[in-house]
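Beneath this line is the structure, given in structure tokens, with notes to follow.
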Amino acid sequence: MVAGSRTMMAPAAVSWATALGFLDLNGSWLAFLGYRFTPWILTLFALAELVADQLPSTPSRKVPVQFGARIVTGSVSGAAIGTAGGIPIAGLVAGALGAVIGTLGGAAIRARLAKRFGKDRPAALIEDAIAILASALVIGAIS
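Its first residue numbered 18, the sequence shown is counted upward by one per residue in my numbering.
Quick look at the structure:
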């Protein structure tokens, strides 16, 4: 569901978990997540997304390209967690479903919060904090 909230947050978190040895992806097609520079690059993308999300020109997460990207990163992240646990397909499916739920549910909750605050920025910052916390909780559960 993290990928549904912030596209790059989930793969960045999974990459750190892999690089730190919490997830064993050696020998799988996802081993690149544990390469030396991958977590740093994905973290830069995640940080850039946190900034870009605050811009008024950023498109809705529900437009096809944005939605699709969230499903892809959620699927890859779920597949990585599933691969480490011996159930890659279940992880991939769970990651995809979580991304869809996170995208639609996150958008609805953010819209309600923005309406209550009278502006979007506080709602966006709350959503950022929740995505970061959820990532930390998932990685903590893995380790």
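C-beta: ideal position from N, C-alpha, C; glycine also.
If the criterion is Cβ atoms closer than 8 Å, does the pair residue i and residue j meet it?
| i | j | result |
| --- | --- | --- |
| Gly99 | Gly115 | no |
| Leu67 | Ser92 | no |
| Thr60 | Ala36 | no |
| Leu47 | Ala97 | yes |
| Ile88 | Ala111 | no |
Only counting the same chain, and skipping five residues up and downstream in sequence, which positions put a Cβ closer than 6 Å to that of residue i?
| i | result |
| --- | --- |
| Ala151 | Val19 |
| Gly119 | Met18, Gly21, Ser22 |
| Ala34 | Leu40, Ile156, Ile159 |
| Met26 | Val19, Ala63, Ala148, Ser152 |
Looking only at its own chain, which residues have a Cβ that is under 7 Å from the Cβ of residue i, when we skip the five neighbours before and after it?
| i | result |
| --- | --- |
| Ala4 | Residue 4 cannot be examined here, being either before or after the span of the chain that is shown, 18 to 160. |
| Ala101 | Leu40, Asp41, Leu42 |
Between which residues of its own chain and residue i is the CB-CB distance below 8 Å, once the five residues before and five after are set aside?
| i | result |
| --- | --- |
| Ala107 | Gly99 |
Pick out whichever of the options has its Cα sitting closest to the Cα of residue i.
| i | options | result |
| --- | --- | --- |
| Tyr52 | Ser32, Gly102, Gln83, Ser74 | Ser32 |
| Ala131 | Phe54, Gln71, Thr90 | Gln71 |
| Phe84 | Lys136, Arg133, Ser45, Val117 | Val117 |
Meets three-Cβ-pair contact criterion under 8 Å: the region 137-146 and the region 37-50: no
Start-end ranges of the beta strand (DSSP E) lying completely within the region 91-119, minimum 3 residues: none
Segment contact flag, the region 116-128 with the region 69-85, C-beta cutoff 8 Å, min 3 pairs: yes
Runs of alpha helix (DSSP H) wholly within the region 48-85 (minimum 4 residues, chain order): 55-69
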